[in-house]
Amino acid sequence: MHERFVALLPLTHSVDFAHDQILARLSGLFPSLTSKLGVVRAGGFAAGSEGGPCFLSVGPNVVSVHLHPGTPKLSADEALDLRCPAWFGAREDHPRIHFHVVVRSEQDTHHPAAALAVAAAVSMVASALISIVPVEEVIWKTGHVSIEPQAFQRTALRLTIPEIKVGHWLTWRIAEGPISPQGKPSLIFHSKGLAPFFGRELETVPSVLPRAEIEKRALAVTDFLILHGPPIRDDMPLYVPDHDYVSVRLRDRGMLDPSPVLLLRIEPGAASEAGRAHGLRYGQAVPAAGGFGRRAVT
């Protein structure tokens, strides 16, 4: 069972809100989904947190909305960046938080496609609440991500169009790797927030490529994996342009993470020529001889 998706919305003060307001705002932001929105259990809160949670449906996905006093509770390993993007300064200088809204998925997922739909539903409900209550920041709990509310809402609005991006659900830890045989320093990227989709995080093999190049390729691969959810097998090759060979491996532990990881290897090579020969797009799986069959994932 994968971790459920949760968005935390800190508030300086509470205001009245109820299920009908959230549904109305959802319809306004996502008109194409109006016929797929519903109320599973009515609810709402008066100023001062009196009331009860509501449960809404976005398609087949159920999302609950709760209001609690005080600041959001995070465990020691869920520490956020000291600099908060919502007010562009030190987190210790943030406004006093008196309440917080919890937007939470209410079902377990066992497949990346189902997880994508649930994460999108939670994001949409959270983005609707941004227009209703005075949200100071959005904390995406599974990825330890803190986002400025309007930036989160703009990203959520893209969830119903092709070529969406999912970077707002992930954070990256970057560490120095070992010195290469050529005497060059290396870097390791490790994700936080991918496990709810695939049951494990992604970690890159130590690479001597520039940091921006590693980040670009890691983001492209995570976008592809989350959006298309192909069956992942050991040494699964992926096509990434600029003459790189990229493969995903299943490992029992990473260099930074003692838990099972998806190990991403990025090497200079001629993989882009092979990808173009098969008519593949950015991030698609390369057809492999003798193991994986044709993976024309679109």
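The sequence shown runs 195 to 492 under the working numbering. The beta-carbon is built from N, C-alpha and C at its ideal position, and this holds for glycine as well. Computed from a predicted structure; not experimentally measured.
- Distance check between L388 and each of L403, A313, A322, S321 places A313 closest, using alpha-carbon atoms only.
- For H294, the enclosing beta strand (DSSP E) covers residues 293-299.
- Annotated three-state conformation of V455 is strand, per DSSP.
- Its Cα nearest to that of I324, the residue F211 stands out among S251, F211, V256.
- Secondary structure at M318: helix, using DSSP grouped into helix, strand and coil.
- Where P379 is concerned, there is no enclosing beta strand (DSSP E), because DSSP gives it neither an H nor an E.
- Of all alpha-carbon atoms in T365, K230, V259, L458, the one lying nearest the alpha-carbon of V252 is that of K230.
- Taking a 10 Å sphere around the C-beta of I408, we find 16 or more other C-beta atoms and assign the residue as buried.
- Going by beta carbons, V415 and V399 fall outside the 9 Å limit.
- As DSSP reads the structure, M449 sits in no beta bridge.
- Beta-carbon to beta-carbon, P328 and V209 are separated by about 7 Å, close enough to satisfy the 8 Å threshold.
- Between the beta-carbon of V319 and that of I216 there is about 7 Å, and that keeps the pair under the 8 Å contact cut.
- Secondary structure at S374: coil, using DSSP grouped into helix, strand and coil.
- In the structure shown, P225 falls within a helical segment according to DSSP collapsed to helix, strand and coil.
- Rounded to whole angstroms, the separation of the alpha carbons of P254 and H304 is 15 Å.
- Annotated three-state conformation of I326 is coil, per DSSP.
- Looking at the backbone, the Cα of V257 and that of L403 are separated by about 41 Å.
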